[in-house]
Structure formats: structure tokens, C-alpha cells
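Trainee:
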């Protein structure tokens with residue numbers, strides 16, 4: 566998918582949800598093997614590529630930052646959510662737990678401090694009623710590309 570033009574982020578997110586459904590198939594059964602670092606690296610790599618395609622950003626950003634911009638929760642949190650729901654947790658409670666854990670990781674992360682200033686509350690970002698993320702907005706939110714040059718070259 567092209568970065569400029571092509572499908573909007575909402576349409577791209579539908580395609581990403583299809584891949585997530587395949588990745589998370591039977592997640593409650595194989596939940597315990599997520600301690601395997603190689604498996605989680607592969608899953609994170611796949612999810613990072615999906616997030617890059619959803620928000621049309623550059624490949625050099627961290628997975629956490631790109632995931633927040635693309636509105637895609639971290640794969641390990643999604644696996645845990647599926648596991649909890651399989652074992653009887655209410656869907657809304659599971660989603661709330663996921664958002665709290667995601668927010669905690671977002672606040673304590675070392676990458677994406679610029680983006681964290683712009684998007685301090687993930688839940689507000691997810692529930693906003695305006696704006697699609699496109700190539701230019703993702704550059705501004707991540708501080709990459711044209712916007713990085715502007716941010717660092719402007720006088721203080």
C-alpha cells in the first residue's frame with residue numbers, strides 16, 4: 566500500500582484486524598509459549614509492519630510509537646486479553662485491563678517521548694471523533710520526515 570494516497574487508515578485497519586484474527590487464533594491455548602523470545606519477536610515484527618501500513622509512517626520508528634499512532638494495541642497485550650476472555654473475564658473488563666496496561670507501558674516507555682507529549686492518553690486518542698491518520702499526520706505525530714527538519718531547525 567502506498568504511503569500517500571490509497572486506502573484511508575480506517576480501511577487499512579480492517580485489513581490489519583484480519584491479520585490479527587489469524588495471529589490470535591487459539592491464543593488462549595498457546596498463551597504460555599509467549600515466554601519464547603523468538604516467537605514474540607516474530608509476532609511483534611508482523612504487528613509493526615501492519616501498524617506501519619495502517620498509519621503510512623516511516624519504518625524507522627519504534628513499534629510502540631507506531632502502534633499508538635495506528636491505534637493497534639501491543640500483541641502481547643492482545644494475547645493476554647484473549648486468554649483472559651477465554652477464562653471468563655467480561656469483554657468490557659478485559660478491554661479496560663488492556664487499555665490500562667497499554668497506557669502503563671506507554672507512560673513508562675523510553676521511545677516516543679515526542680509522540681507521548683502529543684498523545685498522553687491512549688484512550689482519548691482511540692475514542693476521538695475526528696481525523697484520520699495519514700502520511701503527513703503520522704510524520705507530525707512521530708516527529709519524522711519533513712516535520713523533524715522543521716522541529717530541529719526552527720529557532721527556540
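In the working numbering, the protein residues as written are 566 to 721. We put the beta carbon where it would ideally sit given N, CA and C, even for glycine. None of these values were measured; they are calculated from a predicted model.
1. How would you write the range of the alpha helix (DSSP H) that residue 662 sits in, first residue to last?
2. May I have the straight-line CA-CA distance separating residue 625 from residue 664, to the nearest angstrom?
3. For the segment 598–610 against the segment 650–663, do three or more pairs of beta-carbon atoms, one drawn from each stretch, fall closer than 8 angstroms, so that the two count as touching?
4. What distance in whole Å lies between the Cβ atoms of residue 631 and residue 616, which are believed to be in contact at a cut-off of 8 angstroms?
5. Buried or exposed: where does residue 677 fall if 16 or more other Cβ atoms within 10 Å of its Cβ makes it buried?
6. Quick test of your reading: residue 647 and residue 589, contact by CB under 8 angstroms. State the CB separation rounded to the nearest angstrom.
7. Is the CB-CB distance between residue 707 and residue 621 below 8 angstroms?
8. Determine the burial state of residue 680: buried for a count of at least 16 other Cβ atoms within 10 Å of its Cβ, exposed for fewer.
9. Tell me which residue opens and which closes the alpha helix (DSSP H) that residue 641 is part of.
10. Check residue 622 in the structure and name its three-state DSSP category.
Mentor: Judging by the given coordinates:
1. As a position in the chain shown, residue 662 is number 97, starting the count at 1. Its alpha helix (DSSP H) spans residues 656–673.
2. Residue mapping note: residue 625 aligns to position 60 of the chain shown, counting from 1. Residue mapping note: residue 664 aligns to position 99 of the chain shown, counting from 1. If I take the Cα positions, the gap works out to 25 angstroms.
3. no
4. The sequence position of residue 616 within the chain shown is 51, counting from 1. The sequence position of residue 631 within the chain shown is 66, counting from 1. Confirmed, Cβ separation roughly 4 angstroms.
5. Taking the first residue of the chain shown as 1, we reach residue 677 at position 112. Answer is buried; the Cβ neighbour count reaches 16.
6. Here residue 647 refers to the residue found at position 82 when the chain shown is read from its first residue. Here residue 589 refers to the residue found at position 24 when the chain shown is read from its first residue. About 5 angstroms; that satisfies the 8 angstroms criterion.
7. For the purposes of this step, residue 707 is identified with residue 142 of the chain shown, where counting begins at 1. For the purposes of this step, residue 621 is identified with residue 56 of the chain shown, where counting begins at 1. Contact flag unset, no.
8. Working through the chain shown from its first residue, we reach residue 680 at position 115. The residue is buried, with at least 16 neighbouring Cβ atoms inside 10 Å.
9. Residue 641 sits at position 76 when you count from the first residue of the chain shown. It spans 640–651 - the alpha helix (DSSP H) in which residue 641 sits, taken as one unbroken run.
10. Counted from its first residue, the chain shown places residue 622 at position 57. Coil, per DSSP.
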